[in-house]
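> Which chain is which? The protein sequence lines are P and W, in order. Under this note's numbering, the first residue of the first sequence carries the number 1, and numbering increases by one thereafter. Under this note's numbering, the first residue of the second sequence carries the number 1001, and numbering increases by one thereafter. Sharing a structure, written as structure tokens. Questions coming.
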Amino acid sequence: MNIISGVCVFLLCIFVSKFAAEKHVKRATFYRDMYNFNKLLQSEVLFAKTSILSIVNNLSYKTDFELMLKEYFNCRIIKTNFYYLEPNERKFVENYLLSLGVGDEETQLNSIQSIAEQIADKQKRYDAESKKISGLSVKLGFLTGVTGLIIFL
Amino acid sequence: MNLKFFPKLIVEALSVCNVDKLYEIRLREGFPVIVVLDGQKYYLSQNGVTIFDSQAIIATKIHIDEIIGNVTEFSIYAFNDKIKCGFLTTPEGIRIGLAGECVMNKDKVLTIKNFSSLNIRIPHKISGCSNLLMTYIVQGKKVYNTLIISPPFFGKTTTLKDVSENLNKINLGSILIIDERGEFGEIKGQNIDKISFSDKAYAFDYGVRSLSPNVVITDELGGKKDWESIYNASLSGVNVIASCHGFGVDDIIKKEYFIDGIFDRYVVLGDKSSNFIVYDKDRRLL
């Protein structure tokens, strides 16, 4: 019985640590996608003037960011209620969406370039944070799990 | 015909109408939506068309913005060159004339914003409408430089489209369509090359050099540059078939940029495309 309880506590700790890390990983992925999309958009506006809808329709729709773009440009619904984004970040993403496609070429390029730095900053920060915290969290979860297992045994 | 760029309310109302006979839709903010069906003007109501403005759907700013958004795929930057010229074109060649506030920088139009009315022209393909006209434009292997003249809405573009298809069929060489406004949407053929959304001067210059056409077809000659391009093309051994707004030949020769000697045929269209008058290069009735 003690062995079963100990294993359960161990697995629970691993699960909680993974869940805690996931938030950071997902947020980092979200901003990485946003950064890549913004870069793609910049080159498309500058050279081919491809419409955003065409760019969005060529995405694979595998990540939250891509799905959010699809929803916005096909149904005009802004869905930023991702659990890993803070309220101010949701606002930032909403403003980004609302700034897309509303001006002439020069205005659109200025808007993309001015926000590019902010996105790059966030992407770097959350990428580093994700690597640090997810590694730490998994280690911590493992150690707590092992401790729990030892206590039960 | 894909009319999905309209707001749902208007799409539903149009679904009751015979779209094959629909020629024009006008939206003016705060006023009833007007449609031209089979040459007659009606109001658009939720149940189709009506002659009573009290039953009509009232166009709102939201309707107008939705149409612009759908046609530009929510990417104004990709369509601003057309917006500046006062129109948008859908992939099917539906032309949307725009009225709104022009944003100027010195003497240049930067864009048009706050759109207040739209004039949506639904193109129609009338196969064979130029069959009779072809006997005046083509004789043996010779294609005459031809200018098709009429007021707006008399079928210049429809005629030019049919002329393109007829020339394609009779295999007289390469045909280059310079489609400045994207209105030749569906016209394709084994002898047809098409340059779309470019100003005529550029398209004539590079098209004649790089695509070696035998005949160039273009719509709506306007300013000096258009006439000069046509003139230069005609001097390069290329035949030109073009159209121009006017009531008749007299209007055309009074135009500031008119260049005499380019065209061998002047065709004045009547209110039906089968109804036309042809003049020779000296403007004598044929």
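Note that the Cβ used here is the ideal one computed from N, Cα and C, for glycine as well.
(1) Go through its chain and collect everything with a Cβ distance to W:M1001's Cβ below 7 Å, but skip five positions before and after it.
(2) Could you give the first and the last residue of the continuous beta strand (DSSP E) run that contains W:H1124?
(3) Taking W:D1179 as the reference, which of W:E1220, W:F1031, W:V1238, W:A1233 has the closest Cα?
(4) Determine, using beta carbons only, whether P:Q108 comes closer than 8 Å to chain W.
(5) Are there 16 or more other CB atoms within 10 angstroms of the CB of W:V1035, so buried, or fewer, so exposed?
(6) Using a threshold of 8 Å, state whether the C-beta atoms of W:D1280 and W:D1264 are closer than that.
(7) Which residues, taken in chain order from the stretch 48 to 75 of chain P, show a beta carbon closer than 8 Å to some beta carbon of chain W?
(8) Using DSSP bridges, identify the partner residues of W:M1104.
(9) So, does the CB of W:A1203 fall closer than 8 Å to a CB anywhere in chain P?
(10) Strictly below 7 Å CB to CB, what residues from chain P border W:E1073?
(11) May I ask you to report which of helix, strand or coil DSSP gives P:I133?
(12) Which of the residues in the stretch 1108 to 1121 of chain W, read from start to end, lie with their CB under 9 Å from any CB of chain P?
(13) Would P:R17 be called buried (16 or more neighbouring beta carbons within 10 Å of its own) or exposed?
(14) Got a sec, what are the start and stop residues for the beta strand (DSSP E) P:F10 sits in?
(15) Less than 8 Å between C-beta atoms, sequence neighbours within five positions excluded: which residues of the same chain meet that for W:D1053?
(16) Counting Cβ pairs closer than 8 Å, one from the stretch 1166 to 1173 of chain W and one from the stretch 1188 to 1202 of chain W, do we hit at least three?
(17) When DSSP builds the beta bridges, which residues end up paired with W:R1095?
(18) Mind pulling the chain W residues with CB within less than 9 Å of P:G205?
(19) Kindly indicate the opening and closing residues of the beta strand (DSSP E) around W:D1219.
(20) Assign W:T1157 to one of three DSSP states: helix, strand, or coil.
(21) Among W:T1090, W:I1277, W:L1147, which one has its Cα closest to the Cα of W:F1005?
(22) Taking W:S1015 as the reference, which of W:N1047, W:Y1023, W:Q1040 has the closest Cα?
(23) Does W:K1255 come out as helix, strand or coil in the three-state DSSP assignment?
(24) Distance cutoff 8 Å, beta carbons only. Does P:L93 sit that close to anything in chain W?
Taking the coordinates as given:
(1) So the qualifying residues of the chain are V1019, E1092, I1122.
(2) No beta strand (DSSP E) holds W:H1124; DSSP gives it neither H nor E.
(3) Nearest C-alpha to W:D1179: W:E1220.
(4) yes
(5) Under this definition W:V1035 is a buried residue.
(6) yes
(7) K49, T50, S51, I52, L53, S54, F73
(8) W:V1109
(9) Not one chain P Cβ lies under 8 Å of W:A1203.
(10) Neighbours of W:E1073 on chain P, chain order: S51, I52, L53, S54.
(11) helix
(12) L1110, T1111
(13) Per the sequence shown, the amino acid found at residue 17 of chain P is Ser instead of Arg. Buried: at least 16 other Cβ atoms inside 10 Å.
(14) Run containing P:F10: none in the beta strand (DSSP E); it sits in the alpha helix (DSSP H), 2 to 43.
(15) Same-chain partners within the cutoff: P1032, Y1043.
(16) yes
(17) W:T1089, W:R1121
(18) Not covered by the structure: residue 205 of chain P. The range shown for chain P is 1 to 153.
(19) Neither: W:D1219 is in no beta strand (DSSP E) and is coded neither H nor E.
(20) Note: W:T1157 maps to helix in three-state DSSP.
(21) Between W:F1005 and the set W:T1090, W:I1277, W:L1147, the nearest pair of CA atoms involves W:T1090.
(22) The residue from W:N1047, W:Y1023, W:Q1040 with its alpha-carbon nearest to that of W:S1015 is W:N1047.
(23) For W:K1255, the secondary structure class from DSSP, reduced to helix, strand or coil, is coil.
(24) The question names Leu, yet the displayed sequence has Val at residue 93 of chain P. No, no contact with chain W.
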